[in-house]
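Have a look at the structure below, then the notes.
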Amino acid sequence: MTQSQSLLEVRNLKKYFPIRGGVFGRKVGEVKAVDDVSFSVNKGETLGIVGESGCGKSTTGRAILRLEEPTSGNVEFEGNELTRLKKEAMRRMRRELQMVFQDPFASLNPRKTAFEIIEEPLKVHGIGHASERKEQVMELLQVVGLDVSHAGRYPHQFSGGQRQRIGIARALAVRPKLIVADEPVSALDVSIQSQVLNLLEDLQHTFDLTYVFIAHDLSVVRHISDRVGVMYLGRMVELANRDSLYDQPLHPYTQALLSAVPVPDPDSVRERIILSGDVPTPSNPPKGCAFHTRCPHVMDICQEVRPEFKDYGEEHYVACHLLEK
Ligand code: SF4
């Protein structure tokens, strides 16, 4: 992967959650929510991470920011190994890495005004005096397309789209370099989604931002991403630039996902690939390739050996034995 311009390097990231049982609450197993994931994010780009619910994409985003402590692996941001930072150093580092959450209603304190919500990270990081902070908050409200006269309103007095704009202003307040956006438009009406996506794109150019954009909706991810990674059962199975991935998907899972997306061109006929079986549980993922229980191309080796995540040319990474032949 490109080393020179990379802002974030994620290497062999794992996040396992213990399953406890019995009267003594002993550990009886673990959920492998993120299971050996590696990727890099270049300065100024948007890396989309896509996959079905439960594939580990949100946990990956949270583990990057250490909102969930990684079980193992490395997360290097501008040369700093985040997993080794002590609590206070990590708190300071969060100025550079911010998160926008899926549900703006749940992630905004209902008892605080829009002004207080956006001002909070400035206070936490000791930025500016009260009058300077006020000026900055008012500017941020304008930047995200909100009326400054509504600064004193509470979250419930805004629409869903406006609440997400407050969430974006809050993330932007400390002038981060990287924003992890976890399903930032999936709770919004379709008509509002594109407005918020356009806002995120405008802000990226204005503030020189880098995004990790997590979503289950392939069309939304295509709209905003430069490169896209596909996750299945805690693993990254394919990663490529957007056009390669959408026009020539190489992994059978990506091919199946894309076959379900409606194509706007009526002359273009794409055969729908129906996957058999349910998604296996991440507490007991299949041996070998995690997708082998549902893959239409499964071979003997797939049931035994986990395929390596390899570059098959022009930084198109795939984990599949079919390509190794
Ligand atoms: Fe299918 Fe085998 Fe490739 Fe897995 S490794 S996606 S089971 S062909």
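In short: position in the sequence shown from 1, add 84, done, that's the working numbering. Built from N, CA and C at the ideal position, the CB exists for glycine as well.
Item, Value
"Of the residues Thr294, Ser90, Leu192 and Ala117, which one's Cα is nearest the Cα of Val97?", "Rather than Val, the amino acid found at residue 97 in this sequence is Leu. Here the closest residue by C-alpha is Ala117."
"Can you tell me whether DSSP reads Gln182 as helix, strand or coil?", "strand"
"Please give the ranges of any alpha helix (DSSP H) in the stretch 153–219, keeping only runs that are unbroken, at least 4 residues long and fully inside the region.", "171–177, 188–191 and 198–208"
"If you count every other CB in all the chains shown that lies within 10 Å of the CB of Glu355, and 16 or more means buried, which is it?", "exposed"
"Which whole runs of the beta strand (DSSP E) in the stretch 269–307 are 3 residues long or more, in chain order?", "294–299"
"Compare the Cα-Cα distances from Ile298 to each of Gly145, Gly113 and Ile103 and report the closest residue.", "Gly145"
"Which term fits Arg311, buried or exposed, when burial requires 16 or more other beta carbons within 10 angstroms of its beta carbon?", "buried"
"Quick check on Pro239: does DSSP put it in helix, strand or coil?", "helix"
"Quick check on the burial criterion: 16 or more other C-beta atoms within 10 angstroms. Buried or exposed for Phe185?", "buried"
"Since Leu256 and Phe291 should fall inside the 8 Å C-beta cutoff, what is the C-beta to C-beta distance between them, to a whole number of angstroms?", "7 Å"
"Under 5 Å, CB to any heavy atom of the ligand SF4. Which residues pass, going along the chain?", "Pro336, Cys373, Phe375, His376, Cys379, His381, Val382, Cys386, Pro391, Cys404, His405 and Leu406"
"Just how far apart, CA to CA, sit Ser278 and Tyr337?", "27 Å"
"In whole angstroms, what is the alpha-carbon distance linking Pro205 and Gly135?", "31 Å"
"Pick from Gly140, Val402 and Val125: whose alpha carbon is nearest that of Leu339?", "Looking at the sequence itself, residue 339 is Gln, so the reference to Leu does not match. Closest option to Gln339, Cα to Cα, is Val402."
"Keeping to the same chain, check which residues put their C-beta closer than 6 Å to that of Glu160; ignore five residues upstream and five downstream.", "Glu93"
"Can you tell me whether DSSP reads Ala344 as helix, strand or coil?", "coil"
"Return the chain-ordered list of same chain residues with a C-beta closer than 6 Å to the C-beta of His381, the five sequence neighbours on each side being excluded.", "Pro336 and Leu406"
"Here's a check: name, in chain order, each residue in its chain whose Cβ is nearer than 7 Å to the Cβ of Gly251, leaving out the five neighbours to either side.", "Val184, Phe185, Pro188, Ser191 and Leu192"
"Find the nearest neighbour of Phe123 within the set Leu329, Met320 and Pro364, judged by alpha-carbon distance.", "Met320"
"Using 10 angstroms around the beta-carbon of Ala344, count the other beta-carbons present and answer buried if the total reaches 16, otherwise exposed.", "exposed"
"For the candidate residues Thr130, Arg110, Val112 and Glu165, whose alpha-carbon lies nearest to that of His289?", "Thr130"
"Is it true that the stretch 148–168 meets the stretch 95–112, where meeting means three or more beta-carbon pairs spaced less than 8 Å apart?", "yes"
"What residue does the beta strand (DSSP E) around Thr130 start on, and which one ends it?", "Thr130 to Val134"
"To which residues of the same chain is Leu359 closer than 6 Å at the C-beta, ignoring the five residues directly before and after it?", "Ala340 and Arg378"
"Beta-carbon within less than 7 Å of Leu169's beta-carbon, same chain only, minus the 5 sequence neighbours each way: which residues are those?", "Met177"
"Are Val115 and Pro366 closer than 7 Å when you measure CB to CB?", "yes"
"Decide if Ala265 is buried, meaning its Cβ has at least 16 other Cβ atoms within 10 Å, or exposed.", "buried"
"Residues in its own chain within less than 7 Å of Arg110 by CB, not counting five upstream and five downstream?", "Arg104"
"Looking at the unbroken alpha helix (DSSP H) that takes in Lys141, where does it start and where does it end?", "Lys141 to Ile148"
"Compute the beta-carbon to beta-carbon distance between Glu162 and Leu91, rounded to the nearest angstrom, for a pair I have assumed lies under 8 Å.", "6 Å"
"Can you give me the Cβ contacts of Gln182 inside the same chain, cut-off strictly under 6 Å, excluding the 5 residues immediately before and after it?", "Ala255, Pro260 and Ile263"
"Here's the rule I'm using: 16 or more other beta-carbon atoms within 10 Å means buried, otherwise exposed. How should Ala214 be labelled?", "exposed"
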